[in-house]
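Down below is the structure, laid out as structure tokens.
Numbering (full-length UniProt numbering), first residue to last: 1 to 714.
Have a look at this one:
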């Protein structure tokens with residue numbers, strides 16, 4: 001039976017409505033974070049603890065980046081650094097924070113000085129000096145780099161270089177803002193789809209919305225493939241063959257640890273051998289740079305659009321930032337960049353306001369010339385490249401305007417909003433999506449479950465379309481990967497089945513419950529334990545056991561709602577939960593692992609709740625600086641030798657909240673290689689869903705089952 005077609009304009013209109021709600025939710029959650037600079041030191045620390053800010057900074061250097069933009073490095077201020085943040089060589093490290101490459105941020109003066117504003121200047125009108133906004137291009141232990149003038153925020157009253165110049169010598173903090181760039185590009189793409197006529201739809205668009213069925217595989221492309229990497233396993237080879245033969249759409253389903261990126265590299269190389277031009281995208285800088293890094297040794301001509309997240313030489317060599325300097329056409333651009341940097345440095349040497357104004361005028365002209373010459377250079381570099389890589393929203397940048405590709409590959413497609421994917425897909429002929437729809441979808445702040453809330457927001461939105469134009473059953477949580485699979489069935493998908501991460505016992509439950517028992521642990525990993533690490537580890541009950549379950553049933557380990565704290569922190573954490581007694585069990589287990597010789601940097605402690613994360617951080621971060629502490633959601637795509645999971649929920653009502661989301665639990669239980677320790681209350685958890693009930697039964701049967709004594713912990 002052919003699929004039921006979805007009207008494309010109505011789909012795009014519905015997406016626009018949902019994106020409006022989501023953007024409003026993002027802005028409201030970052031209101032506290034973006035309320036200028038005059039907040040208390042305690043609030044700044046809380047913003048940092050909840051991933052919204054980074055405090056105690058100074059501007060340490062400036063340079064000219066891509067597009068002639070001012071790029072500043074912000075380092076920890078030695079004057080306010082704690083002893084724990086100092087390395088053995090005396091250098092100062094940044095504190096823990098949640099700011100990532102690609103985040104839009106504002107740099108503010110801790111003093112929060114006032115400035116005169118607008119028409120009220122004569123009347124003495126004042127507001128907080130907001131500080132310049134930019135995009136984080138690089139983070140490291142000892143600093144982070146921010147490129148100014150590309151955040152896409154509102155018009156500011158000062159030129160970027162002047163605003164940045166004023167930061168020298170001040171005590172600063174950086175605060176994360178809602179990312180308007182991604183939202184604006186998604187909105188523009190959906191608006192284009194609303195206006196497109198049927199004759200403008202590509203064949204892929206017609207397939208994607210059920211107006212036609214996928215074409216049969218191309219028999220010629222399906223001929224025997226000579227693999228560049230013959231070490232690929234059978235399921236990886238089959239996925240590559242399938243994607244090569246597909247004429248319009250192919251999904252590659254990569255469960256945890258199954259070598260999805262490895263498979264994509266082979267697919268890209270095979271496409272290039274067939275003289276195809278490929279655009280490779282991902283939702284994050286990390287997902288894209290991971291592919292650049294692995295493509296680099298193959299010598300295929302590649303260009304990375306945007307700022308690489310990891311500035312490894314192999315990645316840098318392919319970024320536009322370096323290519324515009326190292327290519328033949330980049331020589332003149334490089335000379336202008338040098339002149340800009342020299343003028344920039346001269347500003348701090350002159351005290352005359354007139355001279356400074358003259359230098360700023362010169363800088364403006366130089367930056368204009370720089371952008372024009374660089375633009376030509378960039379256009380040539382992109383046109384001559386076989387493989388172009390960009391984040392999904394980066395694919396909407398000017399560098400790819402009018403560029404044509406034979407194939408678009410999207411990695412981590414199950415973690416991207418559908419509207420974000422379409423930025424790169426409007427003109428696509430053939431598309432390969434890779435991901436795992438059984439792990440967490442993209443984070444969505446606006447709750448679509450509350451119809452009242454949605455209808456209230458809709459009534460407040462002046463641009464809202466009539467009710468009949470919105471499609472039922474469309475949500476931001478549903479990804480393009482999910483929707484295509486439901487629309488056209490498993491015939492458009494191939495699954496990778498050999499996993500190279502987990503001990504067999506750790507893998508068994510997710511394989512049986514979520515992956516139809518199809519996952520197989522590779523011989524090299526299926527029996528490895530912590531005691532087998534390539535350094536000395538003692539043989540203990542923990543290091544010789546792959547799966548441990550600390551069952552806190554009985555009511556001695558009650559959860560607490562963070563909203564009970566009437567404080568700034570409570571407001572930021574929302575209705576997050578914590579469980580102090582359970583946190584003690586986690587801390588003791590970590591102590592035991594470290595005492596047995598396991599290095600803290602090989603251990604991660606993760607929990608679904610920010611309230612518990614804050615509690616665990618207070619208990620463990622200072623004692624074990626190398627230990628990784630994070631949320632389950634933030635740890636997706638990561639792995640560690642040992643992972644300790646704190647489930648938190650323990651209450652008489654047997655409420656489990658968002659633990660009922662099996663994709664979240666799937667992420668939690670598939671991060672470790674050799675050792676997984678679960679801490680939780682089986683009485684509460686097992687009542688949450690049939691999935692959770694089966695998991696508790698599996699742990700009771702197969703894990704090393706332990707019951708902590710509350711008296712021993714106090």
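Yeah, the Cβ is synthetic: ideal placement off N, Cα and C, and Gly gets one too.
The way I'd put it, the region 533 to 543 doesn't touch the region 274 to 291; fewer than three beta-carbon pairs between them come closer than 8 Å. The DSSP-derived three-state label of residue 185 is helix. Residue 546 sits buried, since 16 or more C-beta atoms from the chains shown fall within 10 Å of its C-beta.
When secondary structure is reduced to three states using DSSP, residue 549 falls in the strand class. Three or more beta-carbon pairs separated by less than 8 Å are not found between the region 499 to 512 and the region 265 to 278, which leaves the two stretches without contact.
Counted as a single uninterrupted DSSP element, the stretch harbouring residue 355 is not any beta strand (DSSP E) but the alpha helix (DSSP H) occupying residues 353 to 383. Residue 680 sits close to residue 552, with the two beta carbons spaced by under 8 Å. DSSP, reduced to helix, strand and coil, places residue 502 outside both helices and strands of the structure shown, so it counts as coil.
Out of 422, 592, 394 and 555, the CA that lies nearest to the CA of residue 480 is found in 422.
In terms of Cα proximity to residue 517, the closest of 528, 527 and 498 is 498. Cβ atoms of residue 627 and residue 603 come within 8 Å of each other, at about 6 Å.
In the structure shown, the three-state DSSP call for residue 57 is strand. Between residue 596 and residue 648, the CB-CB gap reaches or exceeds 8 Å. Residue 628 is bridged by DSSP to 604.
When secondary structure is reduced to three states using DSSP, residue 242 falls in the helix class. Taking 8 Å as the cut-off, the beta carbon of residue 440 is found closer than this to the beta carbon of residue 667. Note on the region 612 to 682: whole beta strand (DSSP E) runs with a minimum of 3 residues are 628 to 631, 640 to 646 and 672 to 680, in chain order. With a minimum length of 3 residues, the unbroken runs of beta strand (DSSP E) contained wholly in the region 205 to 292 fall at 249 to 253 and 278 to 282. For residue 148, the enclosing beta strand (DSSP E) has its first and last residue at 143 to 148. In this model, residue 198 and residue 323 are separated by some 40 Å (Cα to Cα). Distances from the alpha-carbon of residue 525 to those of 611, 381, 673 and 182 put 673 closest. Here residue 542 carries a coil assignment [DSSP, helix/strand/coil].
Beta-bridge analysis with DSSP links residue 435 to 253.
Here the region 221 to 233 makes no contact with the region 482 to 491; the two share fewer than three CB pairs at distances below 8 Å.
Cβ atoms of residue 93 and residue 175 stay farther apart than 8 Å, at about 20 Å. When the Cα atoms are used, residue 358 and residue 632 turn out to be separated by approximately 53 Å.
Between the alpha carbons of residue 613 and residue 182 lies a gap of roughly 28 Å.
Under the three-state reduction of DSSP, residue 101 is assigned to coil, being neither helix nor strand. Counted as a single uninterrupted DSSP element, the beta strand (DSSP E) harbouring residue 706 occupies residues 704 to 706.
In the structure shown, the three-state DSSP call for residue 695 is helix. Cβ-Cβ distances below 8 Å link residue 658 to 608 and 664 in the same chain, with the five nearest sequence neighbours on each side left out; the list follows chain order. In terms of Cα proximity to residue 408, the closest of 272, 285 and 18 is 272. Counting of Cβ neighbours within 10 angstroms places residue 577 among the buried residues, the total reaching 16 or more. Secondary structure note for residue 485: it is in no beta strand (DSSP E), and the uninterrupted alpha helix (DSSP H) holding it is 480 to 488.
Straight-line measurement puts the Cα of residue 217 at about 55 Å from the Cα of residue 707. Looking from the CA of residue 102, the closest CA among 75, 429 and 135 belongs to 135.
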